[in-house]
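Chemist: Have a look at this one before I ask anything.
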Amino acid sequence: MDPQSLIAGGTVHYWEERARRFAASGAGLAAVCSFGMPLFYNRAIDLSQRLALRPWLGVQRGTRVLDAGCGVGRWSLLLAARGAAVTGIDHSAIMIAEARRRARIAGLRGSCRFLVQDLAALDTGDRYDLVLSVTVLQHILETGALRAALRRMAAHLAADGRLVLLEAAPDRAISRCDSAIFRARARSSYLRLFAECGLELHALSGVDPAPFRTWLLPHLPRLPRGLRLAALAAVTAASLPVDVPFGRSLVGRSWHAVFVLGHAGRRNAQ
Ligand SMILES: C[S@@+](CC[C@H](N)C(=O)[O-])C[C@H]1O[C@@H](n2cnc3c(N)ncnc32)[C@H](O)[C@@H]1O
């Protein structure tokens, strides 16, 4: 469970290792949701993300979508199945190989392409109606790389396009869950960065306002193994009745946030 032990070769190495171990199994959640957690826990995360993103994932046949940091294609395949023309990029070649395999099995190869690229140097040669990035920026720790990633995503957004980001972004910076591959930056620091990158906020909503998971996680490694599973089951069960009905509306209490952005000044021009 310790990301530090996987980080020696850099963050790509960390994601490659996760993908190598977990990407092909089941829904691929172990490769992209919380590392080392039981399936029920990752399924609950998947559910709260789907509910939070639902208003923003309406696509039509041919809508051009960029899934930035696509992992094994959790969102790419969903949107391609709805008719979108999807490009997924990820810096992990193993994640991308697995995304291609899943697209082939789902019969969606014709509507998806997957490229190995780093977000900080993103260049797909196209512009997109929807640029989606789910829990990726929270893993880019270096501020210069984070700014470059946002600028590159903005550069790939069509003039009236929508950029949708789901990231750990609590009300204030909270370091207790930070690790060698994760940063919970304050929501306000993301908002400043968006403005610097020529992006304007159109909507902001929450994902997971129940605090129980983030209370438990820093203490989890010290618990005996049997108790660990019971504690995870208890916080998952306690979180669902809060996160499912209130996730989107309680943004002030939410650990993650959904940011919906467009090019600055475009809204008034429409
Ligand atoms: C938590 S996973 C999320 C994957 C996918 N967005 C999803 O929700 O299923 C984070 C993904 O971001 C990718 N990633 C992290 N930093 C990246 C970077 N600088 N450039 C491209 N991909 C990156 C990782 O390889 C990993 O697949």
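According to this note's numbering, the sequence shown is numbered sequentially starting from 964.
Even glycine gets a Cβ: it sits at the ideal position worked out from N, Cα and C.
Note that this is a predicted model, so its numbers are computed, not measured.
(1) Use the C-beta contact count for E1105: other C-beta atoms within 10 angstroms, 16 or more gives buried, fewer gives exposed.
(2) Quick check: the Cα distance between L1213 and P1174, rounded to an integer number of angstroms?
(3) Any idea if A904 is buried or exposed, counting beta-carbon neighbours within 10 angstroms, 16 or more meaning buried?
(4) Quick test of your reading: L1085 and A1031, contact by CB under 8 Å. State the CB separation rounded to the nearest angstrom.
(5) In whole angstroms, what is the alpha-carbon distance linking A1117 and R1063?
(6) Count the CB pairs spanning the region 1110-1127 and the region 1088-1100 that are closer than 8 Å, and state whether there are at least three.
(7) With three or more beta-carbon pairs closer than 8 Å as the criterion, would you say the region 1152-1168 touches the region 1121-1136?
(8) If I measure Cβ to Cβ from A1056 and keep anything under 6 Å in the same chain, skipping five residues before and after, which residues do I get?
(9) Straight-line CA distance for T974 to D1171?
(10) Can you give me the C-alpha to C-alpha distance between S1011 and P1133, rounded to a whole angstrom?
(11) Which word fits A1196, buried or exposed, when buried means at least 16 other C-beta atoms lie within 10 angstroms of its C-beta?
(12) Is T1098 close to ligand 1? I mean its beta-carbon at under 8 Å from any heavy atom of the ligand.
(13) Is the closest heavy atom of ligand 1 to the C-beta of T1106 under 8 Å?
Modeler: Judging by the given coordinates:
(1) exposed
(2) 12 Å
(3) As displayed, the chain neither begins before 964 nor continues past 1233, which places residue 904 out of reach and without an answer.
(4) 7 Å
(5) 25 Å
(6) yes
(7) yes
(8) V1079
(9) 26 Å
(10) 16 Å
(11) exposed
(12) yes
(13) no
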